[in-house]
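Notes for the one structure printed next.
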Amino acid sequence: MNTFTYCKSLHPTNAIDSYNAAISERPSNGTISSGSRKKRSVGDHTKFWTPGRTLKILVFQYDEHTFEIVKKGALKWLPYISLKFEFLEMDEQDIYSSEEFLGDIRVNFQPSFASGGGSSIGTDALTGCPHDASMQLGTNFSSPHYEGMVIHEFGHALGLNHEHQHPDANIPWDREKTYLYYQNVMGFTKQEVDFNVLPLERVPGRTYTPYDRQSVMHYNVRNELTIGDWQQTASMQISEGDIAMMKKAYP
Ligand SMILES: [Zn+2]
Numbered sequence: 005m006n007t008f009t010y011c012k013s014l015h016p017t018n019a020i021d022s023y024n025a026a027i028s029e030r031p032s033n034g035t036i037s038s039g040s041r042k043k044r045s046v047g048d049h050t051k052f053w054t055p056g057r058t059l060k061i062l063v064f065q066y067d068e069h070t071f072e073i074v075k076k077g078a079l080k081w082l083p084y085i086s087l088k089f090e091f092l093e094m095d096e097q098d099i100y101s102s103e104e105f106l107g108d109i110r111v112n113f114q115p116s117f118a119s120g121g122g123s124s125i126g127t128d129a130l131t132g133c134p135h136d137a138s139m140q141l142g143t144n145f146s147s148p149h150y151e152g153m154v155i156h157e158f159g160h161a162l163g164l165n166h167e168h169q170h171p172d173a174n175i176p177w178d179r180e181k182t183y184l185y186y187q188n189v190m191g192f193t194k195q196e197v198d199f200n201v202l203p204l205e206r207v208p209g210r211t212y213t214p215y216d217r218q219s220v221m222h223y224n225v226r227n228e229l230t231i232g233d234w235q236q237t238a239s240m241q242i243s244e245g246d247i248a249m250m251k252k253a254y255p
């Protein structure tokens, strides 16, 4: 059975900061695609990084092992995007004495996350406090699902949302059971279930590729949480659909 089932994407604390960070990084994050007449509102923007740029990835609690894990997961995406990665090892003293975002993506380790994790979506990493991690990874390094989880979190860090929340996913969730399960087993609040699990509305101008059940951004969906016979095992690898999405986001 697949036990990697959850990851909380970290909610931006401030919608205006999220919008401003996205636009100053890449103005097209705020552009409505041609043909749409609907006015875009705050929160509708995409959060992709500027193509061609080098993303600084800072690893807190650095040791050779954690560094290799982060590097290995992140590098899986590299062939499909027009970004470069620079991995930084830095003294915590230096991190806390700086007022700047020393890492665009800042990775920390949290034993309570076990073989799960959490990450900000794309440029949301540049909001809030520069000393805070933008990605948290559990410390059950020996889990067979660990690497898949790291790849999933880096998908978020590169601006991807959850695939099971795709507006065309049509997963027949039993909402009542779903809220209860995530609350009792994962400790999610109702709002966190809405934000991480249940479908999101289609937003005009946002980048979409067809719904892909094999996406590494798809949760494990348990049969008992759906109405009728519907389940999906979470993939631990980047899918063809994920590649298509990244090529669109980072041409
Ligand atoms: Zn996730």
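If you read the sequence shown in our numbering, its first letter stands for residue 5, the second for the next number, and so on.
Cβ atoms here follow ideal geometry from the backbone N, Cα and C, with glycine treated the same way.
Fair warning: this is a prediction, and the values are worked out from it, not measured in the lab.
Whole-angstrom distance between residue j and residue i, CA atom to CA atom
i: arginine 217; j: glutamine 241; result: 12 Å
i: glutamine 140; j: proline 214; result: 29 Å
i: isoleucine 85; j: alanine 253; result: 8 Å
i: alanine 248; j: threonine 131; result: 28 Å
i: tryptophan 81; j: threonine 193; result: 31 Å
i: asparagine 112; j: proline 148; result: 20 Å
i: aspartate 233; j: tryptophan 177; result: 11 Å
i: glutamate 29; j: leucine 79; result: 22 Å
i: tyrosine 186; j: glutamine 236; result: 16 Å
i: alanine 173; j: valine 225; result: 12 Å
i: aspartate 60; j: lysine 75; result: The displayed chain sequence assigns lysine, not aspartate, to residue 60. Spanning the two alpha carbons is a distance of roughly 12 Å.
i: isoleucine 175; j: glutamine 169; result: 9 Å
i: arginine 41; j: threonine 35; result: Note that arginine 41 has pLDDT 47, beneath the 50 cutoff, so the model's placement of it is unreliable and the number below is only indicative. One C-alpha to the other measures close to 12 Å.
i: alanine 19; j: glycine 163; result: 16 Å
i: threonine 143; j: lysine 88; result: 26 Å
i: methionine 153; j: alanine 25; result: 26 Å
i: histidine 49; j: methionine 250; result: 17 Å
i: tyrosine 23; j: threonine 211; result: 16 Å
i: asparagine 227; j: glutamate 96; result: 44 Å
i: alanine 238; j: tyrosine 223; result: 5 Å
i: lysine 181; j: leucine 229; result: 6 Å
i: phenylalanine 105; j: isoleucine 231; result: 45 Å
i: aspartate 21; j: isoleucine 27; result: 10 Å
i: glutamate 157; j: threonine 70; result: 15 Å
i: glycine 191; j: glutamate 167; result: 21 Å
i: proline 55; j: proline 255; result: 7 Å
i: threonine 17; j: glutamine 114; result: 20 Å
For residue j and residue i, believed in contact at Cβ under 8 Å, the rounded distance
i: isoleucine 73; j: phenylalanine 117; result: Not a contact, Cβ separation roughly 13 Å.
i: valine 220; j: glycine 159; result: 6 Å
i: alanine 161; j: alanine 137; result: About 11 Å; that fails the 8 Å criterion.
i: glutamate 196; j: lysine 12; result: 6 Å
i: valine 63; j: glutamate 93; result: 6 Å
i: lysine 51; j: isoleucine 109; result: About 12 Å; that fails the 8 Å criterion.
i: serine 123; j: leucine 14; result: 6 Å
i: glutamate 151; j: glycine 77; result: 6 Å
i: histidine 135; j: tyrosine 100; result: 6 Å
Three-state class that DSSP yields for residue i in the structure shown
i: threonine 58; result: strand
i: glutamine 257; result: A query on residue 257 cannot be resolved here, the shown segment of the chain reaching from 5 to 255 and no further.
i: lysine 12; result: strand
i: histidine 69; result: helix
i: serine 38; result: Note that serine 38 has pLDDT 47, beneath the 50 cutoff, so the model's placement of it is unreliable and the number below is only indicative. Coil at serine 38, not helix or strand.
i: aspartate 246; result: helix
i: tyrosine 23; result: helix
i: asparagine 33; result: helix
i: lysine 76; result: helix
i: serine 146; result: coil
i: proline 255; result: coil
i: histidine 49; result: coil
Residues bridged to residue i [DSSP beta-bridge criterion]
i: valine 225; result: Gln236
i: valine 63; result: Glu93, Val111
Kindly provide the ranges of any alpha helix (DSSP H) runs that are 4 or more residues long and lie completely inside the segment 85–141, ordered along the chain. 96–101
Within the segment 148–232, note down every full alpha helix (DSSP H) run reaching 4 residues or more, in order along the chain. 150–161, 179–190, 194–200
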